[in-house]
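Notes for the one structure printed next.
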Amino acid sequence: MTQTAHHLPENPEGRILLDSIVTLIEQSRSRVALQVNSEITRLYWHVGKAINQELLGKQRGEYGERIISSLASGLTRAYGRGWGKRHLWHCVRVADTFPEDQIVNALSTQLSWTHLRLLAGVEDGLKREFYTELSLQERWSTRVLQERMDSMLFERSALSRKPEQLLRQELGTLRSAGAVTPDLVFRDPYVLDFLGLSDTYSERDLESAILAQLQQFIIELGSDFAFLARQKRILIDNEDFKIDLLFYHRGLRRLVAIDLKLGRFKAAYKGQMELYLKWLDRNERKEGEESPIGLILCAEKSQEQIELLELDKGHIRVSEYLTQLPPKEVFASRLHKAIELAKVKKEE
């Protein structure tokens, strides 16, 4: 509410009327801001398209530089510094990347020009579609989008390990129906470098650090996760068990149990998680919800055991977590190798 509003009528009726008018004003401002953003985005796209069609074609060498420099000089004199060479090249790239005006018209009502500029920098079409759909679905700000791209979210998603046809199919379902799947939600590895853990720590230290940085942890998990409980106590045959962390995922419409493990994955962890999920299904699952799903977070995976137990496609998922992010080149190489290996195994 504006500062002025606090100094106006004190009687209840006047206050209610004032609040309703303030709401109308704020809603109108929001609609105007959206319209302005959409119009600016379409303008920049049309500028890029005009440069492409009328002047540059496919030329990106010295000729293109001369044309862009000339245009930038004229536009800067007429409209100010915002129309420099760099901005015009961004217009050209976005128009190249999103060549159909109906797509741009649809995106411009939900994503800003900066979103489109960042997305246009992603050369791989499937990867770009992944980031575009999640930006729309989870309402990412441009800062969050940049962070997701920098952390190689696409390469860390289970979706990236699927054949191209299935990947396109899931993205299409997300676009048309807003439906998410576990492969779209879960990641491997999870980057938990924000926890500030030293080289030696216990499971309790890990859990406490996650809870202390719960907002950051949920950001890494994904925006649809809602925290429910820590050390969730369940009683089976008069024996106490505790689920480390319990979340609810709105998109999946199911409970998500998370078990934290310090060392390498062990096959016995599957039975433990299955017990938790069966109990949650019987005692906590509400009408209209899907069956609970589990995530075992380990410091290191045992890939062959995980494959034999078929934990890459069921209700239990296993992911590594990193408390320190390796150099980007090493991280990228590791993820690309994992993706290629997973695709080869699916083809066998």
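Heads up, the final residue of the sequence shown is numbered 348 in my numbering, and it's a clean run with no missing numbers. We put the beta carbon where it would ideally sit given N, CA and C, even for glycine.
Asked: In the DSSP assignment, what are the bridge partners of residue 249?; Found: 225, 254
Asked: Compute the Euclidean distance between the alpha carbons of residue 340 and residue 159, then round it to the nearest angstrom.; Found: 13 Å
Asked: Using CA coordinates, which residue listed in 186, 208, 244 is at the minimum distance from residue 194?; Found: 208
Asked: Could you tell me the boundaries of the beta strand (DSSP E) in which residue 123 lies?; Found: It is not in any beta strand (DSSP E) - residue 123 carries neither H nor E in the DSSP assignment.
Asked: Measuring only the C-alpha atoms, how far is residue 106 from residue 34?; Found: 13 Å
Asked: Give me, in chain order, the residues of the same chain whose beta-carbon lies closer than 7 Å to that of residue 315; leave out the 5 immediate sequence neighbours on both sides.; Found: 277, 291, 293, 294
Asked: Name the DSSP bridge partner or partners of residue 157?; Found: 187
Asked: What is the residue span of the beta strand (DSSP E) that residue 320 lies within?; Found: 316-322
Asked: Could you tell me the distance, in whole angstroms, from the CA atom of residue 168 to the CA atom of residue 181?; Found: 13 Å
Asked: Where do the ends of the beta strand (DSSP E) carrying residue 294 lie?; Found: 293-298
Asked: My understanding is that residue 189 touches residue 319, with C-beta atoms under 8 Å, so please give their C-beta distance in whole angstroms.; Found: 6 Å
Asked: Would residue 265 pass as a contact of residue 245 if the rule is Cβ separation under 9 Å?; Found: no
Asked: For residue 150, does the count of other Cβ atoms within 10 angstroms reach 16, so buried, or fall short, so exposed?; Found: exposed
Asked: Does residue 74 pass the burial test, meaning 16 or more other C-beta atoms within 10 Å, or should it be called exposed?; Found: exposed
Asked: Tell me the rounded alpha-carbon separation between residue 81 and residue 321.; Found: 45 Å
Asked: With DSSP collapsed to three states, give me the class of residue 110.; Found: coil
Asked: Work out the CA separation of residue 148 and residue 125 for me, nearest whole Å.; Found: 16 Å
Asked: Cα separation between residue 46 and residue 162?; Found: 36 Å
Asked: Classify residue 220 as buried or exposed, calling it buried when 16 or more other Cβ atoms lie within 10 Å of its own Cβ.; Found: buried
Asked: If residue 42 and residue 186 are in contact, beta carbons under 8 Å, what's the gap, nearest whole angstrom?; Found: 36 Å between Cβ atoms; not a contact.
Asked: Tell me the rounded alpha-carbon separation between residue 131 and residue 154.; Found: 8 Å
Asked: Taking the CB atoms as reference points, tell me whether residue 203 and residue 275 lie closer together than 9 Å.; Found: no
Asked: Give me the Cα-Cα distance between residue 127 and residue 171, rounded to the nearest whole angstrom.; Found: 10 Å
Asked: May I ask you to report which of helix, strand or coil DSSP gives residue 239?; Found: strand
Asked: Check each candidate in 336, 269, 329 and name the one with the smallest Cα separation from residue 305.; Found: 269
Asked: So residue 273 is in the alpha helix (DSSP H); what residue range does that whole segment cover?; Found: 268-283
Asked: Reducing DSSP to helix, strand and coil, say where residue 128 ends up.; Found: helix
Asked: Taking DSSP as the reference, what is the three-state secondary structure of residue 31?; Found: helix
Asked: Just to confirm the assignment, what range does the alpha helix (DSSP H) spanning residue 173 have?; Found: 164-177
Asked: If you drop the 5 nearest sequence neighbours on each side, which residues of the same chain put their C-beta closer than 8 Å to that of residue 263?; Found: 298, 299, 300
Asked: Taking the alpha-carbon positions, what's the residue 55 to residue 79 distance?; Found: 21 Å
Asked: Please state the DSSP three-state secondary structure of residue 233.; Found: strand
Asked: Look at the alpha carbon of residue 242 and the alpha carbon of residue 32, and state the distance between them as a whole number of angstroms.; Found: 50 Å
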